[in-house]
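First comes the structure, then the notes that go with it.
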Amino acid sequence: MHLSKIPLLLAPLFNAATVLSDQAPLDDVSVLTNEVARANNQSLLWGPYKPNLYFGVRPRIPNSLFAGLMWANVDNYATAQQNFRHTCEQNEGMAGYGWDEYDIRKGGRQTIHDEGNALDMTIDFIKVPGGQHGGSWAARVKGVPRENGSPDQSTTVVFYTGLEGLGNLGVTTESEDPRGFEGDVKITGYTSELGAFSIGITAGPESNDHPENDHPSYDEKPLDRTLVSSLALQPEQLWQTKVILFSKMKEEVDAAIEKHGQENPPPASQIFTIKNEPGDGNIHLVQKVFKGAFEFDILFSSGSSPLPLTSDILTEQINTASLAFSDRFEKIHPPQAPFDNAEYLQFSKSMLSNLVGGIGYFHGTDIVDRSEAPEYDEENEGFWEETAEARSRARPVLEGPKTLFTSVPSRPFFPRGFLWDEGFHLIPVVDWDMDLALEIVKSWFNLMDEDGWIAREQILGSEARSKVPPEFTIQYPHYANPPTLFIILEAFIDKLDAKKNASAHQPSDHEVIEGLNSAFVETPELGDAYMRSIYPLLKKHYFWYRKTQFGDIKSYDREAFSTKEAYRWRGRSVQHILTSGLDDYPRPQPPHPGELHVDLISWMGMMTRAIRRIAEALGNTEDAEQFKNYEIAIERNIDDLHWDDDAQTYCDATIDEYEESVRVCHKGYISIFPFLTGMLGTDSPRLKAVLDLIGNPEELWSDYGIRSLSKKDEFYGTAENYWRSPIWVNINYLVVKNLYDIAIKPGPHREQARELYSNLRKNLVENVFRQWKETGFAWEQYNPETGQGQRTQHFTGWTSMVVKIMSMPDLPALEAQGHDEL
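The sequence shown maps to residues -21 to -1, 1 to 801 in mature numbering (1 follows the signal peptide of the UniProt record, and there is no 0).
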């Protein structure tokens, strides 16, 4: 393949990265793959990849530069210290916050409605490509007092930047005035990965105003100046920036009290400041104090970029990025009827932007129990007590450091990677930016150990561990999680198949706007190369599940098509199977080593189907045949082991006191898992009962979505009630998607599926939208009786799947238009 044959869509990719000469032939697909990967990395290098912060920027480079913001209303002593914002927190006095528009390759706008500080913040973050080190970036920070505040209120804003690894970082000082900087502040630095760079923090427009007072301390430190404190600290301390800031402010508070006495302290806006001590160091605090509305820019300029960034360029780029985002969004994810109006469009943009804006880059050690205690096999009755005792005597070890590029479920409460969440997160991303989705999938599979295990929860480094209770930080190499990343790989195969089967044509408008975002689809050779590169990892991961999560058929004389295809989650306690993802969903009591779990065998069916299709696409016929045999056996065993004729539903199985295999039925999400994972065809004799269960308002159906547990179940709404009644958007998406698949194919239950699809789609989206408008947040789950959002707020992980649901077809509209498939 020569450069002239590279599709038009890839041209921006290569031009922006300047990685190929005009003459360079690309006769080897591996060369093309490497060049695309390099260009992709340039495009993705910088971002707000510290999602645990309201605004935290870093590159996808371990132990490198980082930057962030802190702020507070400093009108009085009583609230100033407690209202310093930095890390995203639940119930911190926010009326809502998040990205209104965000494209990971260009940037976007985040708004923060800080009720506690009576301040509305707007942060525009923009990336400007150029040079050899990932380009430049900039942020424009604006603040406007809210109605509950004062137009003249005092706000302090602290920008900081630090360097965790090797290199240098220092403040350029043109003046030695100890009272601070009157104009812009410039920080310069160098690392081997980033080259030379500078960070300019502007004074802002002339409209900026600053507090004044007649206290004697004002002459020593007038608040119309910028204060800079440069420090040299141990790298492991640098992430505790708020602690660092408070320690520097305390020095000034103590000095002020000593000088002026308790009876005449400086005003809060004056005293909550740092000393101006600019210079070299590995962390620099830059503090500004404003009166009323304010604005300033942060301009990171890569030394290899053609031109340094300026505020004028930033203004132009903000407008360009916003227009480009809106245009692209309305082509890729436009809400369909009945959601095709301006309000739902804004909602959908926000939800996708927060999902993508919640992507983080994590680096550090994690804690793993490698004891391989025999109790962990969970082979004996009463095994949960044995495993608890084994865990108590284990000596976990630090492993790594490791890196992960992933989105997070919730910036304030779950700012880390979760394995089964991530597959759901990427479903809306697949259409928006397939190359990004594949980059994240690859990052997850690169975490795999030599046995094929990936920890279900990724808590990498001290900063991540600071948000997790110690008892939950340890990861166990025999614990699984639903393999949802295979949903994304199957979607990728769908797109590759569609591309290969399409007749030769010029790129459509949709393909042209995708550009860099779909290189691995638009050039099938790249897609094949990607699949070949990770296929060995997929196989290893697949066989790890089969080895560690197997269920016992033979010991209990169970009758089934296959004596091997049965599965049981490890990590079971009396009330929970955290590894299943459905934590407290009712399971057989008491736990038993002979249990079989219908949700896990369904996930294994989906996983087997996906890896079989991948093997077929790669021409690996021997593997494909092997996986096909597994797939058939799983399909048959789902019915043989888990269908209960009396209850007319799928159920977990266990062993009773007479050593007989029995099914234990708790109707709810578990009962419909074969349907959710696409294991029931349109002609399945079980499909009608599944659809009836979904649509029954006395069981799972509600006005707001599908309940996690039947209203008739004895455990409905009991105990912690986590998965015992609430509505979860991820599972509801799987219901909607599979109802749609039934509704558009010939079959005896097509009309029932069509009605359920239309009504569920409407109920679900309308409620999530209504709660977003009323509270300012997406929520972890929704109450089935009232629709109210509950548990974790700002849950912009899989709740953002409403974007995908909104953009799915409105079947009555399609039917009216005479579409053949209907």
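Ideal Cβ positions, reconstructed from N, Cα and C, are used throughout, including at glycine.
Roughly how many angstroms separate the alpha carbons of Q69 and N13, rounded to a whole number? 42 Å
For D259, count neighbouring Cβ atoms within 10 angstroms of its own Cβ and tell me buried if that reaches 16, exposed if not. exposed
Hey, how far is the Cα of R372 from the Cα of D345? Going from the Cα of R372 to the Cα of D345 covers about 19 Å.
Per DSSP, what kind of secondary structure is W702 in: helix, strand or coil? coil
Short of 6 Å in beta carbon distance, which residues of its chain neighbour T778, apart from the five on each side in sequence? Order them along the chain. V708, A757
Helix, strand or coil: how does DSSP classify L426 here? coil
Alpha carbon of R714 to alpha carbon of P676, nearest angstrom: Correcting the residue identity first, residue 714 is Val in this sequence and not Arg. Straight-line Cα distance between these residues: approximately 15 Å.
Mapping DSSP to helix, strand and coil, what is H189? coil
Hey, how far is the Cα of A110 from the Cα of A498? For the sequence presented, residue 110 should be read as Gly rather than Ala. G110 and A498: Cα-Cα distance of roughly 21 Å.
Could you spell out where the alpha helix (DSSP H) holding M510 opens and where it closes? 503 to 527
Below 9 Å between beta carbons: does that hold for L439 and P380? Between L439 and P380, the C-beta gap is smaller than 9 Å, which places the two residues in contact.
Quick check on the burial criterion: 16 or more other C-beta atoms within 10 angstroms. Buried or exposed for F34? Sixteen is the threshold: when 16 or more other Cβ atoms of the shown chains lie within 10 Å of the Cβ of F34, as they do, the residue is buried.
Who does L98 pair with in a DSSP beta bridge? D93, P124
Assuming V123 and L264 form a contact by the criterion Cβ under 8 Å, report the distance between their Cβ atoms to the nearest whole angstrom. In fact, because the Cβ distance is near 24 Å, the residues do not count as touching under 8 Å.
Where the beta strand (DSSP E) containing D233 begins and where it ends: Note, D233: premise wrong, no beta strand (DSSP E); alpha helix (DSSP H) at 220 to 239.
When the Cα atoms are used, what is the spatial distance from L224 to W218? 11 Å
Taking C-alpha atoms, which residue in D193, G128, I277 lies nearest to T181? I277
Which one of P572, D578, E693, S650 has the shortest CA to CA distance from N636? Here residue 636 turns out to be Glu, not Asn, going by the sequence shown. Cα-wise, what sits closest to E636 is P572.
Report the three-state DSSP secondary structure of F362 (helix, strand or coil). helix
Which class does W411 belong to by DSSP, given the choice of helix, strand or coil? Residue state, collapsed to three classes: helix.
K(-17) - DSSP class collapsed to helix/strand/coil: Only weak support exists for where K(-17) lies, its pLDDT of 31 falling under 50; the coordinates are left without a value.
Which first and last residues belong to the alpha helix (DSSP H) in which Y712 is found? 708 to 722
Going by alpha carbons, who is nearest to L210 out of S640, I253, N333, D662? I253
Assign L5 to one of three DSSP states: helix, strand, or coil. In this prediction, L5 has a pLDDT of 41, which is less than 50 and means its spatial position is unreliable; nothing more can be read from the coordinates.
Got a sec? Which residues, its chain only, sit under 7 Å from P788 by beta carbon, not counting five neighbours each side? Q315
Counted within 10 angstroms of its Cβ, other Cβ atoms place D414 as buried (16 or more) or exposed: buried
Grab me the residues of S(-1)'s own chain with a C-beta within less than 7 Å of its C-beta, minus the 5 sequence neighbours each way, in chain order. Here the model assigns S(-1) a pLDDT of 33, short of 50, so the residue's position is not dependable, and the following value carries that caveat. Once the five neighbours on either side are set aside, S(-1) has no close Cβ partner at all.
Could you tell me which residues DSSP puts in a beta bridge with A117? Paired residues: I105, L278.
Grab me the residues of I617's own chain with a C-beta within less than 8 Å of its C-beta, minus the 5 sequence neighbours each way, in chain order. V577, I580, S581, G584, Y629, P653, M658
Between M586 and the rest of its own chain, which residues show a CB-CB distance below 8 Å, the 5 nearest in sequence each way excluded? Correct list, in chain order: P462, F465, Y521, Y524.
For the structure I just gave you, are there three or more beta carbon pairs, one from the region 496 to 511 and one from the region 409 to 429, closer than 8 Å? Yes, they touch.
Where does E185 land, buried or exposed, given buried means 16+ other C-beta within 10 angstroms? exposed
Sheet register partners of I142 (DSSP bridge): Correcting the residue identity first, residue 142 is Leu in this sequence and not Ile. L44.
For a test of the three-state rule: what should DSSP assign to E759, helix, strand or coil? Secondary structure of E759 (DSSP, three-state): strand.
With DSSP as the reference, label I532 as helix, strand or coil. coil
So, helix, strand or coil for E574, using DSSP? coil
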